[in-house]
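Notes follow the structure.
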DNA sequence: ATTATTCTCACTATTTATGGGTATTTACTT
DNA sequence: AAGTAAATACCCATAAATAGTGAGAATAAT
């Protein structure tokens, strides 16, 4: 028997999902909450296997709820319900260790299947979601080929990104610090960024780290 | 009929894969190459639907081959063959727009299926691979919770990462630049990093950007 | 009500980074 | 042989960041 707690700011959604899950003998909706705060409260006293969590909620959104769960040391399998399919968002969820994420327009079968998987500690991300994650990862590249950086410049970017200053880089490469300075200037102008921060950003977005 | 070009630095692997693919009527191995450079040469004159590409090769590795393909404007569906299952690596592949990636110890069926999918322009990443990608994404978080940053500090980190300097941040937040300076100092010491570069790195690794 | 944290501001001093030049040597291309 | 790109090096000047120290005011927590 899988005990589920439903969290959504709309009672109709809660009722709808409840009625769907009622049909399944292996799942029991033990409680529900209309706010994140309420969910956290109930999770402290109520044994729950799967937390069915809406993302878009006023005041405390789903992500914040998960963060609080971590802070309080409450361990529960989380299945996120979301309407949109944003990649940046998905990334965050995965990084938070959320077990699963399905779109709100998923069918009854998908929902029940997902709850079962998540309750076993397995990961479930609907195809649309992973697809959008891949898409977002794809975007980043390209820039490094657009900008004509020399080998030496790439080398120096990496060293800058690893927190070395001009002198340290000069020592490591056995060249004058003046030369490193020149390279820095050229890099900044080639990348069209204002300062070190922009440089490190570029390094990150182009996997030079 | 799917035309395949096999690239691997071991002739035995090429022969092995060839013999597997021979059994399938819809796939034809048109040629093979033992080095990345040779593969690039052959791709210019030979019509190929799917490039079956080994990653670990001396001199020019698979990733570099894909980069060169982009540079030369050669468009071909790439299916990567890999032995290990490294996440950082997978990320790079996805970012390069590689259609698929399967482990060398995959079975015959998986391989043929993957080639078919990739030839249609669809994406195929074996489960192990995506799993490891998820794992790596999960690791990054935590740090932001470990370090006790205040709201203001997080706010300032974001502004620094977007290439604003101290004065610009002060203007934007309607506070003195001295205050921003103090925050910067506290942030650097809390994060235990040496300079701006380390700060921006932290921002990136913790999705504060 | 008291404590603790956070946010705020200031001063000095030093180190680093940035922006503007110029110039030489090497290696590769045509 | 001439031209070009890359790596090297130096100068000057200014802007910005880092380090150290101290301290008042607002807020949240107990």
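Chains as they are written, first to last, in my numbering: chain U, 1 to 209; chain D, 1001 to 1209. For glycine and all other residues, C-beta sits at the position ideal for the given N, C-alpha and C.
CB of residue i within 7 angstroms of CB of residue j, strictly
{"i": "residue 1101 of chain D", "j": "residue 1115 of chain D", "result": "no"}
{"i": "residue 1183 of chain D", "j": "residue 1160 of chain D", "result": "no"}
{"i": "residue 48 of chain U", "j": "residue 3 of chain U", "result": "yes"}
{"i": "residue 1168 of chain D", "j": "residue 194 of chain U", "result": "no"}
{"i": "residue 1020 of chain D", "j": "residue 1109 of chain D", "result": "no"}
{"i": "residue 204 of chain U", "j": "residue 1204 of chain D", "result": "yes"}
{"i": "residue 123 of chain U", "j": "residue 99 of chain U", "result": "yes"}
{"i": "residue 1158 of chain D", "j": "residue 1096 of chain D", "result": "no"}
{"i": "residue 166 of chain U", "j": "residue 177 of chain U", "result": "yes"}
{"i": "residue 1078 of chain D", "j": "residue 1051 of chain D", "result": "yes"}
{"i": "residue 14 of chain U", "j": "residue 26 of chain U", "result": "no"}
Whole-angstrom distance between residue j and residue i, CA atom to CA atom
{"i": "residue 215 of chain U", "j": "residue 1187 of chain D", "result": "Given that chain U is displayed from residue 1 to residue 209, the structure contains no residue 215 of chain U and the question cannot be resolved."}
{"i": "residue 154 of chain U", "j": "residue 199 of chain U", "result": "11 angstroms"}
{"i": "residue 1036 of chain D", "j": "residue 1042 of chain D", "result": "10 angstroms"}
{"i": "residue 1152 of chain D", "j": "residue 120 of chain U", "result": "39 angstroms"}
{"i": "residue 5 of chain U", "j": "residue 53 of chain U", "result": "8 angstroms"}
{"i": "residue 56 of chain U", "j": "residue 62 of chain U", "result": "7 angstroms"}
{"i": "residue 1034 of chain D", "j": "residue 1016 of chain D", "result": "14 angstroms"}
{"i": "residue 1076 of chain D", "j": "residue 118 of chain U", "result": "38 angstroms"}
{"i": "residue 69 of chain U", "j": "residue 40 of chain U", "result": "7 angstroms"}
{"i": "residue 1111 of chain D", "j": "residue 1103 of chain D", "result": "9 angstroms"}
{"i": "residue 150 of chain U", "j": "residue 197 of chain U", "result": "20 angstroms"}
{"i": "residue 1060 of chain D", "j": "residue 1046 of chain D", "result": "20 angstroms"}
{"i": "residue 73 of chain U", "j": "residue 1206 of chain D", "result": "20 angstroms"}
{"i": "residue 179 of chain U", "j": "residue 1010 of chain D", "result": "43 angstroms"}
{"i": "residue 1172 of chain D", "j": "residue 1185 of chain D", "result": "19 angstroms"}
{"i": "residue 1082 of chain D", "j": "residue 1023 of chain D", "result": "22 angstroms"}
{"i": "residue 1192 of chain D", "j": "residue 1148 of chain D", "result": "12 angstroms"}
{"i": "residue 38 of chain U", "j": "residue 18 of chain U", "result": "18 angstroms"}
{"i": "residue 1113 of chain D", "j": "residue 1 of chain U", "result": "37 angstroms"}
{"i": "residue 1181 of chain D", "j": "residue 1170 of chain D", "result": "9 angstroms"}
{"i": "residue 106 of chain U", "j": "residue 94 of chain U", "result": "20 angstroms"}
{"i": "residue 1190 of chain D", "j": "residue 1174 of chain D", "result": "24 angstroms"}
{"i": "residue 58 of chain U", "j": "residue 1058 of chain D", "result": "55 angstroms"}
{"i": "residue 1064 of chain D", "j": "residue 64 of chain U", "result": "41 angstroms"}
{"i": "residue 44 of chain U", "j": "residue 71 of chain U", "result": "13 angstroms"}
Residue i, buried or exposed, once every other Cβ within 10 Å from all chains shown has been counted against 16
{"i": "residue 1202 of chain D", "result": "buried"}
{"i": "residue 1008 of chain D", "result": "buried"}
{"i": "residue 1089 of chain D", "result": "buried"}
{"i": "residue 1141 of chain D", "result": "Residue placement at residue 1141 of chain D is flagged as unreliable, the pLDDT there being 48, under the threshold of 50; the coordinate-derived value follows with that caveat. When all chains shown are included, residue 1141 of chain D counts as buried."}
{"i": "residue 12 of chain U", "result": "exposed"}
Per DSSP, the bridge partner or partners of residue i
{"i": "residue 78 of chain U", "result": "U:51"}
{"i": "residue 71 of chain U", "result": "According to DSSP, which records beta bridges pairwise, residue 71 of chain U is partnered with nothing at all."}
{"i": "residue 1046 of chain D", "result": "Paired residues: none, contrary to the question."}
{"i": "residue 100 of chain U", "result": "U:79, U:124"}
{"i": "residue 1002 of chain D", "result": "D:1027"}
{"i": "residue 32 of chain U", "result": "U:6"}
Item to complete: Return the residues of the region 163-197 of chain U that lie within a Cβ-Cβ distance of less than 9 angstroms from chain D, sorted by chain order.
Response: For chain D, the residues of the region 163-197 of chain U that bring a beta carbon within less than 9 angstroms of one of its beta carbons are 163, 164, 165, 193, 194, 195, 196, 197, in chain order.
Worksheet item: Quick one, which residues of the region 149-160 of chain U are near chain D if we go by CB-CB under 8 angstroms, in chain order?
Response: So the close ones are 160.
Worksheet item: Between the region 1068-1095 of chain D and chain U, which residues of the former have CB atoms less than 9 angstroms from a CB of the latter, in chain order?
Response: Within the region 1068-1095 of chain D, the qualifying residues are 1070, 1071, 1088, 1091, 1092, 1094, 1095.
Discussion item. Tell me which residues of the region 1096-1126 of chain D have at least one Cβ-Cβ distance to chain U shorter than 7 angstroms, keeping chain order.
Written reply: Taking 7 angstroms as the cut-off between beta carbons, the residues of the region 1096-1126 of chain D near chain U are 1096, 1097, 1123, in sequence order.
Practice prompt. With 9 angstroms as the limit, tell me which residues of the region 1198-1209 of chain D have their beta carbon closer than that to any beta carbon of chain U; keep them in chain order.
Written response: Using a CB distance below 9 angstroms, the part of the region 1198-1209 of chain D facing chain U consists of 1198, 1199, 1200, 1201, 1203, 1204, 1205, 1206, 1207, 1209, ordered along the chain.
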